[in-house]
Each structure stands twice: as structure tokens, then as C-alpha cells.
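Inspection log for the structure reproduced underneath, given as C-alpha cells.
Residue numbers (our numbering), protein chains in the order written: chain A, 63 to 345; chain B, 2 to 347.
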């Protein structure tokens, strides 16, 4: 034989000598199907029962559009804020040794543990026009509770640990020598941070951002207390779904859910692609 | 650029890492800081770089006092043991980094930086790898990139911290020869840290032997090897054997017998005799010699190493014999050291 037969277009990765590839892959697929795929396809299935015209009518309804805009918009803003300050918090926790550092470190996880409704009520009490912080902001003409700004604050609270906990371990791995090398080459502190440290952290920061963002889009418990829930103004999409469910309008609820699902999936996919690309470059 | 370290002391949280170290490095010299771990050699290198500040004392670059200057202002090239490359940058960007972070008119235009990077890549024999990322290079290649990066800023001094420590033996030898060539070609004043005496003796113009935060001896490979000035240097560089002896009237006595060596200027009393195991003269009879029973005999590369038990206290010393020497078969061997040195008894 002089010519080898053409290889198939793509193949599974060569299994290693360590057994278990088939078993673990099979289990993973079955598990993901059971936990994620079946419920989600049920969702699509129910909304498909609606028919295209009805689906479109619900999707382009002003109230739906506004709710989606508020959900995704506030989640985006909150994730951006969390990226900035979460990275800062991680930096302080990794780089400095100060009394009470462990307590601060543990405090970061509180939003994970706290029932979200508790967080929502606490924040509302603080930011309401007669609350401790709201009282101070009121004379400045800043109204937080019962506005989209309040939603942003609730989502910042909820999303912070996602950024801190993804960035922190990567930051701990940063080699002091890399900074020293940059300094001997003449780079200022600012240049070291922007040109050497930050690019190395970018993949972790993007992951933190996407986690905080995804969590923010789906957040319900803490937001409904502080949002005021005025239709068209401060009503989030998950709340609209619940309202439709309470009206026994299942097709409309599933339709909005399906739209949220699609949008979230697209955004997470993009983030993942960016990740893969940067990982390929930096190894 | 000459570098002068003047009475430098460095403490880390009250623990002294360097005691009053002084050192003169001539312009264009290749100097090795050699010592066991914890001897302070890396601390000294980092002090010269400005990565640490001396607790006391000063460091001069030429006539300028560099000790108060920041790392950025010192303009030194530093190469780390584990490369410390910027992994999100290509090889070319790594090398050009030091030029790119400059401000105003001192920053060369982008095309010039690119040209310079590829010139340096040629020098370190990695032409054509501009677009690679550090993760795609082998250890030896990464260290060459690190060296090119350090040289890109035209440093006053080139400082290397165990530059070959993380590489395997074959690559080490190759890079060692290559570093010597680069040094001869560029003429940078270069200081490198190593714990490998072979590397230090082979590569450096002068070797600084350090121990416990002090400089033990500074000299050429010949100085250090042939006339060590302390028991530590004797023991640390090359093989050495030692015996407790007594000096009486200018004669060296081992237990109750003179060994045929005279030390007219040595003080009376106890001392330690140091000599190289290979530098011994074998004798037949024994009137004035060191004699011992053969306790063990091992073949080591081109020689035979014989362990002798000497005197009633069964002091053990090692000597080296040619492989086919008949004395290795005997049960008793008598010898006298060729080159030797006395140090006060510890």
C-alpha cells in the first residue's frame, strides 16, 4: 500500500493508557442529560407548543423586552463593577498580611451562604429612602431602592464572591520573579500592573465576570425585594416569568424563559471561546 | 562598568544574611558567586540589582552610589533561575519589553525595537522564534530568551541567579560554553550565582567563595583551588582530606611521630593538616610519613580512591592512586602530602 487511507474528519482524542475514558464520558453525558438537558428541552418543548406567531408576540411585547433589558443590563453593570472591585479585594487578600485578613477572606463567601431573600431584605432596609444609607443619598437626589440602581446593588452583592474566588487562586500563583524581572527592565509599578500582571489574570477575570453575570441574570430572591417591581421600569425577567406562572399562563412563562436561556447561552459561549483562545496563546 | 560593594550588611527581620561584605568587580569581568545554600550569594546578587536594600553599606556602579537608586534606575540585566518570562507575550515582545516601557525620546521606535529583538535572537541562536510563546519553548531556549531580554536594555551589569540551575546536565554544559562566548563577544560586566563549583571554576574569571554570609576567598580558579585560604574553601572546592596534627619546634607530628613535613612559622600546638587526596607522594619505608591500614578502596572514574585508617585513633583519610598502582593491593600504605596547608585546630 502506498497511500494511507484518508483519516476521518475528526476523531475522539486518543484514549490514554489509563482506563476509564469510555465509562467517564458515558457517565458525564448521561448525567448532564438528566440534570440539564432534559429539563431545558422540556422548556423548549413547552414554548414550542405556542406556535411561532404567538411566541414572537410574547417575545416582542414591550413588557417582556423591558424586563429582559433590565435583567441583562443590570447583571452586566453589576458584573463589570464586581470585576473591578472583586479583583481589588482579591489583590488585597493575596498580597497583604494584616490582622483580620482571614475574617475578611471568610466574609467574601457570605453572599454564597446567605439566603438571597435575607440579603434582599437587608439591602432594602439599608437603601430605602428612610434607611441608613438611603437617608444619606436622598438629599443628593439619588434613589436606590425600588429602582434599577437597587437591582444593580443587589447583584453586586450576590456576584462578588464569584469574581474574588476565581481570580484569587490565579493571583496567588503569580511568580514574584516576573514582577521583579519587569522592574529590572525599567517598568514602573503601573506598567508592571497593566502590562505584566493584568494580562496574566485576564482569563480568570473573564471567568469571574461570566459567572457573576450569569448569576446576576438568573437572580430572583434578593432582587425582588429591592427592585420595587414596577412593570416596564424595574421588573426583572425572572419575576415576569413567575407572574405569568401565577396567571397559569405557562406558554408565556416558558417563552420568556427560552429567550433568557438562548441569550445566556450565547453570552457564555462567547466568553468560553475567548477563554479557549487565550489559553491556547498563553499555555 | 565597575561594581564596588562596600561593607554591605543585610538583615532579614534581624537575622543577618550578609555580614560586612566587600567586593570589587572590574569592568568587563565575569565573576561567579559560589557557595552552599544559605551562604548569602543570592542575597548579594539581589542587593547589586536593587531587588533588596542593604541594611548598611553601599554599592557603587563606577563612581556613582547606586544603593539609593531604585531598581528601575539602576539599569541592570537580571536573569532568574526559573526564567521569569512574561508568558502572555511572544518571544519578540519579551525581549523588546525593556525598550517598550521607556518614556519619551529614550524609547526607540517600534521598528527599531523589532530589529533589536531579532538581532538579540540571532545572538542567542534562536533566530526565527520571534512569534513563539514561552510555553512553546524548552527550558534551555527559555533561559536564552531571558538572557536576550536582559541584554536588550544595554545593562550596566548583567546579573544571573543560578541561570542553569533548572536545566539538565547536557544543556547546562552547552549553555555554559555559550555564555562564555556571549560574554567575550559583548563584554558586559557579569556576575552569576551558582552552587556548582565546576561551573564557577570553568566559566568565571574570578570566583567569590561565600559561606554563612561572608566572603571566604576571592580569586582565579587556580588561586582558589591551589591555595585555599580557609578550611571551608579547602573542603568546599574539590576533594580534601584533613588530619589533626601537632606542631613542635617547626615539625609536624602525627600522634607520636613526625611526618617529615616542616612548618617553621607555624605556632606550637594543635593544628589541622589539609591536603588534596590526589596530591600525595607514596613512600616505601616510613621514617617521616603518614602510614595507615587500607580500610576501603573504591574505583572512581580514572582513579582509585583508598581510605586509610591512621594511628591508634583510627582517623580516616582518603588518598587517590592511579588505577593500576600496586599500592592499592597492599594492606598498609605510607605517603606524604605534596601540597598541604595547616589551619588552627577547630
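Cβ coordinates follow ideal geometry from the N, Cα and C atoms, glycine included.
Values in this document were obtained by computation on a predicted structure and should not be read as measured data.
Item                                                                                                                     : Value
Separation of residue 10 (chain B) from residue 322 (chain B), as counted between CA atoms                               : 45 Å
Terminal residues of the alpha helix (DSSP H) in which residue 178 (chain B) lies                                        : 170–187
Residues near residue 206 (chain A) in its chain [Cβ-Cβ closer than 7 Å; skip 5 each side]                               : 189, 196, 199, 212 and 215
Start-to-end residues for the alpha helix (DSSP H) that takes in residue 82 (chain B)                                    : From DSSP, residue 82 (chain B) is part of no alpha helix (DSSP H); its letter is neither H nor E.
Cross-strand partners of residue 215 (chain B) (DSSP beta bridge)                                                        : B:212
Interface flag, residue 54 (chain B) vs chain A, CB-CB below 7 Å                                                         : no
Residue 152 (chain A) versus residue 239 (chain A): straight-line alpha-carbon distance, rounded                         : 20 Å
Min CB distance residue 242 (chain A) to chain B below 7 Å                                                               : yes
Segment limits, alpha helix (DSSP H) that includes residue 143 (chain B)                                                 : 140–153
Residue 116 (chain A): first and last residue of the uninterrupted alpha helix (DSSP H) it sits in                       : 114–121
CB contact flag (residue 130 (chain A), residue 320 (chain A), <7 Å)                                                     : no
Separation of residue 267 (chain A) from residue 22 (chain B), as counted between CA atoms                               : 46 Å
Distance between beta carbons of residue 207 (chain B) and residue 195 (chain B), contact taken as under 8 Å             : Contact flag wrong, Cβ pair sits at about 13 Å.
Inter-stretch contact at 8 Å, needing at least 3 Cβ pairs: the stretch 180–189 of chain B / the stretch 17–33 of chain B : yes
Segment contact, 8 Å Cβ cut-off, at least three pairs: the stretch 42–50 of chain B with the stretch 88–106 of chain B   : no
Sub-7 Å separation of residue 280 (chain B) and residue 215 (chain B) beta-carbons                                       : no
Pairwise C-alpha distance: residue 112 (chain B) and residue 69 (chain B)                                                : 35 Å
Same chain only: Cβ atoms within 8 Å of residue 273 (chain A), ignoring 5 sequence neighbours per side                   : 221, 224, 225 and 228
Where the beta strand (DSSP E) containing residue 41 (chain B) begins and where it ends                                  : Per DSSP, residue 41 (chain B) belongs to no beta strand (DSSP E) and is neither H nor E.
Selected residue, minimal CA-CA separation from residue 235 (chain A), among A:271, A:157 and A:296                      : A:157
Three-way DSSP call (helix, strand, coil) for residue 314 (chain B) in this model                                        : coil
Interface flag, residue 253 (chain A) vs chain B, CB-CB below 7 Å                                                        : yes
Partner residues on chain B for residue 299 (chain A), Cβ-Cβ distance less than 8 Å                                      : What residue 299 (chain A) touches in chain B: nothing, since even the nearest Cβ is about 37 Å away.
Chain A residues whose Cβ lies nearer than 7 Å to that of residue 50 (chain B)                                           : 246
The ligand GDP heavy atom lying under 6 Å from the CB of residue 113 (chain A)                                           : Inclusion of the ligand GDP in the displayed structure is not the case, the ligand content being empty and no account of it being possible.
C-alpha distance - residue 333 (chain A) paired with residue 218 (chain A), whole-angstrom precision                     : 20 Å
Separation of residue 297 (chain B) from residue 330 (chain B), as counted between CA atoms                              : 11 Å
At least three beta-carbon pairs within less than 8 Å, the stretch 324–340 of chain A to the stretch 163–173 of chain A  : no
Spatial distance of residue 160 (chain A) from residue 51 (chain B) (CA atoms)                                           : 26 Å
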